[in-house]
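Since the structure comes first, as structure tokens, the remarks are kept for the end.
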Amino acid sequence: MKRLIVLAFFAAMLTACTTAPTVYGPQTVARGAGYSEYRLEDGRYRVTFQGNPGASANQISDYVLLRSAELALRDGYDWFRVADRLTQETGSGGGSSLSIGGGGSNYDYGHHGHGSSVGLGVGTTFNLGPKPSVSSSMEVVFGRGQPPRGADVYDARSIVRTMGQGRAAV
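In terms of the working numbering, the sequence shown opens at residue 754 and continues consecutively.
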């Protein structure tokens, strides 16, 4: 019976630690993983990618860049500039903790004697919940022709060529 309880405990721990991989694609349900975009005006979008718990912030940011490049090319533009960006982490991701406590007492049995006791307790906690999920959102402005110089300016074809190759799940 003890074996069954121990096996069930470890199975529950392993199940709690698993997360679904984040794959590149459109967001199909509210707050689900995937990209979404909102056209602000001609040549200007807000592009967002929501990752599953456990996906890295870098990978999610890359997915937003990739989707921005795809939109630029689809709409006939050559490059895009990131006008604003926001990356957020939501959910719990706390780790484990260790607690130590102690206590003591003295007692008297009257004329039968007296005694004392000391106790020590150790406890641990483990966060079995999901890891935090990352969301990245960028406001992008598209352009044609030669791109301006700047750190936040990207060639759309180059981004699709380099990042589009590595769409592996994270």
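For glycine and all other residues, C-beta sits at the position ideal for the given N, C-alpha and C.
None of these values were measured; they are calculated from a predicted model.
Item	Value
Where in the region 773 to 828 do unbroken runs of the alpha helix (DSSP H), each at least 4 residues long, occur, reported from the N-terminal end onward?	810 to 827
Going by C-alpha distance, which of G807, T915 and L793 is nearest P774?	G807
Would you tell me roughly how many angstroms separate the C-alpha atoms of R792 and Y830, rounded to the nearest one?	14 Å
In terms of DSSP beta bridges, what is Y907 paired with?	F833
What does DSSP give as the partner residue(s) for M891 in the beta ladder?	V800 and R838
Residues in the same chain with beta-carbon distance under 7 Å from V906, minus the five sequence neighbours each way, listed in chain order, please.	W832, R834 and P900
When you measure from the CB of D905 to every non-hydrogen atom of the ligand SAM, does any distance come out below 7 Å?	Of ligands this structure carries none, so the ligand SAM is not represented either.
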